[in-house]
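Asker:
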Amino acid sequence: MASYDVFGVGNALVDIQTQVEDRVLEQLAVEKGIMTLVDIEQQSQVLSHLDGRPVNRCAGGSAANTIVALADFGGTAGFIGKVGDDPIGNFFLKDMRELGVAIQVNPATLPTGTCAVLITEDAQRTMLTTLAASTTLGPDDIEESMIADSKYVYIEGYLLTGDTSKAAAYKAMDLAKKHGVKIAFSASDPFLVNMIRDEIWDLITGPVDLFFCNEEEAKSLTEESDPLRCAVKIHDHCENVALTLGGKGSIVMHGGEEFPIEGVQVKAIDTTGAGDMYAGALLYGVTNGMDWRTAGHLASHAAARIVSQLGARLERKFTVDEIAEFSKMS
Numbered sequence: 082m083a084s085y086d087v088f089g090v091g092n093a094l095v096d097i098q099t100q101v102e103d104r105v106l107e108q109l110a111v112e113k114g115i116m117t118l119v120d121i122e123q124q125s126q127v128l129s130h131l132d133g134r135p136v137n138r139c140a141g142g143s144a145a146n147t148i149v150a151l152a153d154f155g156g157t158a159g160f161i162g163k164v165g166d167d168p169i170g171n172f173f174l175k176d177m178r179e180l181g182v183a184i185q186v187n188p189a190t191l192p193t194g195t196c197a198v199l200i201t202e203d204a205q206r207t208m209l210t211t212l213a214a215s216t217t218l219g220p221d222d223i224e225e226s227m228i229a230d231s232k233y234v235y236i237e238g239y240l241l242t243g244d245t246s247k248a249a250a251y252k253a254m255d256l257a258k259k260h261g262v263k264i265a266f267s268a269s270d271p272f273l274v275n276m277i278r279d280e281i282w283d284l285i286t287g288p289v290d291l292f293f294c295n296e297e298e299a300k301s302l303t304e305e306s307d308p309l310r311c312a313v314k315i316h317d318h319c320e321n322v323a324l325t326l327g328g329k330g331s332i333v334m335h336g337g338e339e340f341p342i343e344g345v346q347v348k349a350i351d352t353t354g355a356g357d358m359y360a361g362a363l364l365y366g367v368t369n370g371m372d373w374r375t376a377g378h379l380a381s382h383a384a385a386r387i388v389s390q391l392g393a394r395l396e397r398k399f400t401v402d403e404i405a406e407f408s409k410m411s
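Residue numbers for the sequence shown, in this note's numbering: 82 to 411.
1) When the Cα of Met358 is compared with those of Asp255, Ala145 and Ala83, which residue comes out closest?
2) From which residue to which residue does the alpha helix (DSSP H) around Lys175 run?
3) Please report how far the alpha carbon of Ala355 lies from the alpha carbon of Ser306, in whole angstroms.
4) Around the C-beta of Asn92, are 16 or more other C-beta atoms found within 10 angstroms, so that it is buried, or is it exposed?
5) Pick from Leu109, Glu225 and Leu94: whose alpha carbon is nearest that of Val101?
6) Which stretch, first to last residue, makes up the beta strand (DSSP E) that contains Glu107?
7) Looking at the unbroken alpha helix (DSSP H) that takes in Val388, where does it start and where does it end?
8) So within the region 115-164, which uninterrupted alpha helix (DSSP H) runs reach at least 4 residues, ignoring any that extend past its ends?
9) Kindly indicate which three-state DSSP category Val274 falls into: helix, strand or coil?
10) In this structure, what does DSSP give as the bridge partners for Cys294?
11) Check Gly243 in the structure and name its three-state DSSP category.
12) Would you identify the three-state DSSP class for Gly194, choosing helix, strand or coil?
13) Look up Asp96 in the DSSP assignment and give the residues it is bridged to.
14) DSSP three-state call for Glu403: helix, strand or coil?
15) Give the DSSP bridge partners of Tyr85, in chain order.
16) If you count every other CB in all the chains shown that lies within 10 Å of the CB of Ile121, and 16 or more means buried, which is it?
17) Using the C-alpha atoms, what's the distance from Tyr365 back to Tyr233?
18) Distance check for Asp166 and Phe340, CA to CA, integer angstroms please.
19) If you compare alpha carbons, which of Phe293, Pro271 and Leu326 is closest to His316?
20) Would you list the residues sitting across from Thr211 in a DSSP beta bridge?
21) Short of 6 angstroms in beta carbon distance, which residues of its chain neighbour Glu224, apart from the five on each side in sequence? Order them along the chain.
22) Per DSSP, what are the beta-bridge partners of Pro341 in this structure?
23) Tell me which same chain residues have a C-beta within less than 6 angstroms of the C-beta of Ala384, skipping the five on either side of it?
24) Roughly how many angstroms lie between the CA atoms of Pro188 and Thr375, to the nearest whole one?
25) Nearest-angstrom Cα distance between Lys175 and Tyr85?
26) Suppose the cutoff is 6 angstroms on Cβ atoms and the five residues either side in sequence are ignored; what does the same chain contact list for Glu396 look like?
27) Taking only the alpha-carbon atoms, compute the straight-line gap between His335 and Asn295 and give it to the nearest angstrom.
28) Taking the CB atoms as reference points, tell me whether Val149 and Ala253 lie closer together than 8 angstroms.
29) Please state whether DSSP places Lys314 in a helix, a strand or coil.
30) Is Ile281 helix, strand or coil when you go by DSSP?
31) Where do the N-terminal and C-terminal ends of the alpha helix (DSSP H) with Val347 fall, by residue?
32) By Cβ distance, which residues of its chain are closer than 6 angstroms to Leu118, with the 5 residues on each side in sequence left out?
33) On the DSSP letters alone, give me the boundaries of the beta strand (DSSP E) that Ala183 sits inside.
34) Would DSSP call Ser226 helix, strand or coil?
35) Run through DSSP, which three-state label would Val262 get?
36) Who does Ala250 pair with in a DSSP beta bridge?
As structure tokens, then:
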């Protein structure tokens, strides 16, 4: 039996979340609703604009959020990332370990990466990220025994933006295939799909067993306009597909079948981490006895709950009884 349901490989960042007015984004001259990479000095300037505002800190990064979500549901999880030998890095490690996540981190000489999550009144989140120590994640950081002892390895697409982190991602996937471990991969962001479309096609045609994407990413990847046609086209190349549609729900593809998953109507406050939560809940479901349709329903409800609150961590976790109700649907 594998020790871990899912082992994540990704950027280890500390999320710093706060609510802001649109004028703050104008002052910072950043585009609303997307993730922008900034350097350490620029991030310092961004954070200075938040002085005096209430902020929430938590261990983050896309894959880390997904791993935390899975752990919150009661799954067994591990994570490989890179932090600096500094107070923010120590906070990241402590936060993850308190959640029961087995974590493999070799400290870097650079400071720990951060992601400023600026949430406006329309529930849009604008992210400014400095990767810092995360850029030093490399093949030597990937622990073979931990990969081999997992049911799934989960790779965030953001790793493909750097040479060393890309090499780490590919090593993790090679080790997963060597040991018969399934591979889940997230498109991460439309800008990434536009930048490396051919490489993503190679991945989902090759080693990837489960591909996560949202509607915009799927349309960019397939150059189709209809979400279902996007999902079918991707499924022609990849065994399993989970395509999220925001408040409209999602489409799960498995075994040649399509499972339309309903959206859950809630008042959206903050969309931070919705896709990460969806991925964590679906991965929990498929590694803990749920069929794909049921896991999709669980993931849809989990994503709805996360957008109805501030931050990427569930304020009200799903109870054992609530999860059991979803299991009865299978």
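All C-beta atoms in this analysis are idealised placements derived from N, C-alpha and C, irrespective of residue type, glycine included.
Answerer: Checking against the coordinates, here is how it stands:
1) Reading the sequence shown from its first residue, position 277 is the one you call residue 358. Considering only Asp255, Ala145 and Ala83, the residue with the shortest C-alpha distance to Met358 is Ala145.
2) Counting from 1 along the sequence shown, the entry for residue 175 is found at position 94. Start and end: Pro168 to Glu179.
3) On the sequence shown, position 274 is the one that residue 355 refers to. On the sequence shown, position 225 is the one that residue 306 refers to. Roughly 23 angstroms between the two C-alpha positions.
4) Here the question's residue 92 lines up with position 11 in the sequence shown. That one is buried.
5) Taking the first residue of the sequence shown as 1, we reach residue 101 at position 20. Closest option to Val101, Cα to Cα, is Leu109.
6) Position 26 of the sequence shown holds residue 107. Secondary structure note for Glu107: it is in no beta strand (DSSP E), and the uninterrupted alpha helix (DSSP H) holding it is Asp103 to Leu109.
7) Here residue 388 is taken as the residue at index 307 of the sequence shown, counted from 1. Run containing Val388: Trp373 to Val388, per the alpha helix (DSSP H) assignment.
8) Counting whole runs of 4 or more residues, the region 115-164 contains the alpha helix (DSSP H) stretches 121-129 and 143-153.
9) Taking the sequence shown and counting its residues from 1, one reaches residue 274 at position 193. Of the three classes helix, strand and coil, the one that applies to Val274 here is helix, per DSSP.
10) As a first step, residue 294 is located in the sequence shown; it is residue number 213 there, counting from the start. Its beta-bridge partners are Leu324.
11) In the sequence shown, the residue the question calls residue 243 occupies position 162. Correct three-state label for Gly243: coil.
12) In the sequence shown, residue 194 corresponds to position 113, counting from 1. Strand.
13) Here residue 96 refers to the residue found at position 15 of the sequence shown. DSSP, once it has assigned bridges, lists Cys139 and Cys196 as partnering Asp96.
14) Indexing the sequence shown from 1 puts residue 403 at position 322. Three-state DSSP puts Glu403 in a helix.
15) Residue numbering aside, residue 85 sits at position 4 when the sequence shown is read from its first letter. Paired residues: Ser231.
16) Within the sequence shown, residue 121 is the residue found at index 40, counting from 1. Ile121 comes out exposed.
17) On the sequence shown, position 152 is the one that residue 233 refers to. On the sequence shown, position 284 is the one that residue 365 refers to. Distance between the alpha carbons of Tyr233 and Tyr365 is about 10 angstroms.
18) Along the sequence shown, read from residue 1 onward, the residue named residue 340 stands at position 259. Along the sequence shown, read from residue 1 onward, the residue named residue 166 stands at position 85. Distance between the alpha carbons of Phe340 and Asp166: 45 angstroms.
19) Counting from one through the sequence shown, the residue named residue 316 turns up at place 235. The shortest Cα separation from His316 among Phe293, Pro271 and Leu326 belongs to Phe293.
20) Residue numbering aside, residue 211 sits at position 130 when the sequence shown is read from its first letter. DSSP, once it has assigned bridges, lists Thr195 as partnering Thr211.
21) Here residue 224 is taken as the residue at index 143 of the sequence shown, counted from 1. Result list for Glu224: Gln185, in chain order.
22) For the purposes of this step, residue 341 is identified with residue 260 of the sequence shown, where counting begins at 1. Pro341 is bridged to Ile332.
23) Within the sequence shown, residue 384 is the residue found at index 303, counting from 1. These residues qualify, in order along the chain: Ala355, Met358 and Tyr359.
24) The sequence position of residue 188 within the sequence shown is 107, counting from 1. The sequence position of residue 375 within the sequence shown is 294, counting from 1. Approximately 39 angstroms, taken between the alpha carbons.
25) As a first step, residue 175 is located in the sequence shown; it is residue number 94 there, counting from the start. As a first step, residue 85 is located in the sequence shown; it is residue number 4 there, counting from the start. Distance from the CA of Lys175 to the CA of Tyr85, rounded to the nearest whole angstrom, comes to 19 angstroms.
26) In the sequence shown, counting from the first residue as 1, residue 396 sits at position 315. The residues Gln390, in chain order, have a CB closer than 6 angstroms to that of Glu396 in the same chain once the five nearest residues on each side in sequence are set aside.
27) The sequence position of residue 335 within the sequence shown is 254, counting from 1. The sequence position of residue 295 within the sequence shown is 214, counting from 1. If I take the Cα positions, the gap works out to 17 angstroms.
28) Counting from one through the sequence shown, the residue named residue 149 turns up at place 68. Counting from one through the sequence shown, the residue named residue 253 turns up at place 172. Their beta carbons are not under 8 angstroms apart, which means Val149 does not touch Ala253 by this criterion.
29) Stepping through the sequence shown from its first residue, residue 314 is reached at position 233. The answer is helix: DSSP assigns Lys314 an H, G or I state.
30) On the sequence shown, residue 281 is found 200 positions in, with the first residue counted as 1. Helix at Ile281.
31) Looking up residue 347 in the sequence shown gives position 266. Val347 -> no alpha helix (DSSP H), and no H or E assigned at all.
32) Along the sequence shown, read from residue 1 onward, the residue named residue 118 stands at position 37. The residues are Thr210.
33) Start at 1 with the first residue of the sequence shown, and residue 183 comes out as number 102. That run of the beta strand (DSSP E) goes Ala183 to Val186.
34) One-based indexing of the sequence shown puts residue 226 at position 145. Reduced to three states, the DSSP call for Ser226 is helix.
35) Stepping through the sequence shown from its first residue, residue 262 is reached at position 181. Residue state, collapsed to three classes: coil.
36) Here residue 250 is taken as the residue at index 169 of the sequence shown, counted from 1. Per DSSP, none; premise fails for Ala250.
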